[in-house]
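Sequence lines, in order, name chains F and D. In terms of the numbering used here, the first sequence is residues 27 to 341. In terms of the numbering used here, the second sequence is residues 117 to 354. Backbone N, C-alpha and C define an ideal beta-carbon position, used for all residues, glycine too.
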Amino acid sequence: MRYPHDIPSSEITPKSLYLSRRELIAGTAAMLAGTTALTGGSAHAAPLAAAKSPLSTDEPQTRRADAVSYNNFYEFGTDKADPEKNAGSLKTSPWNVKIDGLVEKPGTYAYDDIVKPSGLEERIYRLRCVEAWSMVIPWIGFPLADLLKRVEPKSNAKFVAFETLVRPEEMPGQRGLLQALPWPYVEGLRLDEAMHPLTILAVGMYGETLPNQCGAPIRLVVPWKYGYKSIKSIVRISLVEKQPPTSWSLQNPSEYGFFSNVNPAVDHPRWSQASERRIGEGTGLFQKRRPTLMFNGYAEQVASLYTGMDLRVNH
Amino acid sequence: MAAAPNSTVRSMFERFRQRGARPTLYIVGMMPAAWTLYLALSDRLGADPAKVLERTLGLWSLRFLVIGLAITPLRRLGGPNLILYRRAIGLLAFFYAALHVVVYVWLDQTLDFSAIWQDIIKRPYITVGLLAFLILIPLAVTSHNAMLRRMGGQAWQKLHRWVYLAAAAAALHFVMLVKAWPAEPLIYAAMVAILLLWRVWDRFIDAPRREQQRRTRAPSQQRGQGTSATKVASRDGR
């Protein structure tokens with residue numbers, strides 16, 4: 027008998043082989059389970075190449091399994107597990123994004139026309155949910171500024187408004203008697219926030235295209251703001267002059283503001299924002315709490331956007 | 117006079133109802149806690165196991181409160197009489213509420229008592245939830261027969277009516293802690309509201325009407341009847 031360190035690495039099953047074996051097993055299981063399993067949330071995930079970025083954090087990343095199974099995407103249900111269960115039915119191809127409002131080049135752009143002209147980068151960002159939990163996610167995307175420059179905002183454009191898909195036949199949260207929010211889900215950024223180099227449109231995560239439950243095929247990621255600002259499955263981007271409405275502040279104006287910057291000093295009425303539970307940190311039930319950082323730790327890059335503003339009023 | 121097999125079965129059933137049913141109910145009632153804890157310890161509660169455990173325990177407490185509140189309306193509307201099991205159900209509600217609080221204090225807030233105090237004074241859903249739990253404590257403490265006898269049926273009944281407020285607070289706690297308007301907390305709030313409104317209707321609208329009917333129909337047969345409260349208490353007391 028040989029000790030483990032005596033086994034030459036050539037005898038160890040190469041990753042590509044065991045992965046393909048797993049795919050075979052998973053594929054067979056899916057076939058046995060019927061067609062619903064075949065359209066499961068992450069079934070469409072395809073590998074995606076991306077360049078490294080100096081804007082990435084080197085903190086330990088959240089397990090992919092956690093990041094794709096613990097989601098707030100109310101179009102697919104209000105439970106954290108609902109999006110993974112229900113998002114499989116979403117058709118993300120073909121996908122068009124309407125870009126309108128105060129731009130020189132308005133139009134309905136196909137997914138490829140939006141994504142192809144930009145080089146994809148991996149951006150490993152902290153994600154802080156308003157519910158006081160956090161993750162570290164390796165996104166793949168490109169700066170929103172790239173796209174905005176291409177469509178040429180007019181000089182009177184001051185804000186960018188975003189809209190999520192409304193397709194009740196594929197989004198169970200948009201059907202039925204009790205619906206959690208008015209649809210479409212809308213979000214917005216000030217133009218300078220939208221143009222900030224940290225702000226990206228993500229099309230992938232963990233080296234693959236986005237799973238449906240994480241906002242496929244294209245979503246916003248604004249790492250210094252609470253998660254709900256990072257709108258998913260975008261179908262419309264409008265450049266506007268006035269501050270646009272945003273879903274959560276429409277739903278409850280006293281609890282959610284337009285800016286929604288991560289701020290440990292300004293509590294949400296229902297959650298202290300002073301600390302957070304980093305998903306997967308600690309062992310099992312005994313998760314740790316860590317202090318929440320101003321602007322989710324991106325103060326150095328973004329604090330200057332808010333010079334002179336009272337962040338308690340403009341929360 | 118040999119007992120017919122039919123009546124043997126019936127007496128066995130009766131003995132189970134008297135002796136075995138409540139222990140069985142406790143065991144079955146604790147299953148969801150045991151199962152959830154098992155899933156948690158074997159890392160099968162997903163990304164945020166402490167949160168799922170906390171929510172599940174709270175939800176079961178509310179479920180037992182709803183079941184407990186449904187027992188009297190069920191009997192009065194012609195359903196089975198489950199009054200024998202009501203205290204066990206109430207105790208299960210308390211058991212789950214206590215575990216829910218333990219998970220909140222220990223696993224969620226990691227024993228940070230200053231943060232917990234801030235939660236209590238600043239966050240209404242925590243305040244309301246704590247109120248519900250605090251009400252359940254004296255009810256659980258006075259739940260056994262010796263205490264019932266010592267207090268007397270009427271006083272005991274009066275104290276235990278506080279469960280109405282506890283259930284309302286628990287349902288409100290659930291509605292307040294979620295974002296937006298998901299269906300589940302609203303369904304529980306509606307159930308609690310219906311069960312409490314039924315009591316208001318029964319006491320202030322239906323009871324006077326029944327009394328009126330009894331007086332007009334059989335004035336000679338009127339007997340000194342105990343209030344429904346003492347009836348319930350004495351029946352429950354066995």
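For the 8 Å CB-CB criterion, Lys-124(F) and Arg-262(F) form a contact.
In this structure, the beta-carbon distance from Met-231(F) to Leu-174(F) does not fall below 8 Å. In the displayed model, Trp-165(F) falls within a strand according to three-state DSSP. When DSSP reads this structure, Ala-166(D) sits in no beta bridge, so it has no partner.
The C-alpha of Tyr-332(F) is placed about 10 Å away from the C-alpha of Asp-218(F).
The way I'd put it, the segment 217-236 of chain D does touch the segment 154-170 of chain D; three or more beta-carbon pairs between them come closer than 8 Å. Interface criterion met: the Cβ of Arg-315(F) is under 8 Å from a Cβ in chain D.
Scanning its chain for C-beta atoms nearer than 6 Å, with the 5 sequence neighbours on each side dropped, one finds around His-341(F) the residues Gly-283, Val-292, in chain order. When DSSP reads this structure, Met-335(F) sits in no beta bridge, so it has no partner.
Under the DSSP assignment, Glu-213(F) falls in the beta strand (DSSP E) whose first and last residues are 212-216. Excluding residues up to 5 positions away in sequence, Val-244, Gly-245, Leu-247, Ala-248, Ile-251 lie with their Cβ nearer than 8 Å to the Cβ of Ala-285(D) in the same chain. The segment 251-265 of chain F makes contact with the segment 148-161 of chain F; the number of CB pairs closer than 8 Å reaches 3 or more. Within chain D, no C-beta atom comes less than 9 Å from the C-beta of Pro-164(F); the nearest is roughly 16 Å away.
The C-alpha of Gly-306(F) lies about 10 Å from the C-alpha of Ala-91(F).
For Arg-138(D), the enclosing alpha helix (DSSP H) starts and ends at 137-157. Contact annotation for Thr-172(D) against chain F: no contact, minimum CB-CB distance about 12 Å [criterion: below 9 Å].
Taken in chain order, the unbroken stretches of beta strand (DSSP E) that lie wholly in the segment 300-325 of chain F and span 3 residues or more are 301-309, 312-317. Boundaries for Ile-150(F): no alpha helix (DSSP H) harbours it, while the beta strand (DSSP E) harbouring it runs 147-154, taken from the DSSP string. Within chain D, the residues whose beta carbon sits less than 7 Å from that of Ser-95(F) are Gly-162, Ala-163, listed in sequence order. The alpha carbon of Arg-89(F) has as its nearest neighbour, out of Pro-164(F), Ser-115(F), Glu-110(F), the alpha carbon of Pro-164(F). Against chain D, a Cβ distance below 7 Å from Gln-277(F) picks out Ala-296.
According to the DSSP assignment, Lys-251(F) belongs to no alpha helix (DSSP H), since it is labelled neither H nor E.
In the three-state reduction of the DSSP assignment, Arg-245(F) falls in the strand class. Chain F has a Cβ within less than 8 Å of the Cβ of Leu-223(D).
Taking the beta carbon of Tyr-211(F) as reference, no residue of chain D falls within 7 Å; the closest one sits roughly 11 Å away. Taking a 10 Å sphere around the C-beta of Thr-188(D), we find 16 or more other C-beta atoms and assign the residue as buried.
Close partners of Gln-234(D) in chain F (Cβ separation under 9 Å): Asp-293, Ser-298, Ala-300. Just so you know, the alpha carbons of Asn-322(F) and Asn-289(F) end up roughly 7 Å apart.
Of all residues in the segment 140-167 of chain F, those with a C-beta nearer than 9 Å to a C-beta of chain D are Val-156, Glu-157, Trp-159, Met-161, reading in chain order. Excluding five sequence positions before and after Asn-112(F), the CB atoms of its chain that fall closer than 6 Å to its own CB belong to Phe-102, Gly-103, Pro-198, given in chain order. Only residues of its own chain outside the window of five on either side were considered, and among them Pro-223, Thr-225, Ile-226 have a CB closer than 7 Å to the CB of Pro-169(F), listed in chain order. Per DSSP, Met-197(F) is not a residue of any alpha helix (DSSP H), being assigned neither H nor E. For Thr-152(D), no CB of chain F lies under 8 Å from its own CB, so it is not counted at the interface with that chain. In this structure, DSSP gives Asp-224(D) a helical state, which the three-state scheme calls helix.
For Tyr-212(D), no chain F residue has a Cβ inside 9 Å of its Cβ, as the nearest lies near 17 Å away. Arg-203(D) counts as buried, since no fewer than 16 other beta carbons sit within 10 angstroms of its beta carbon.
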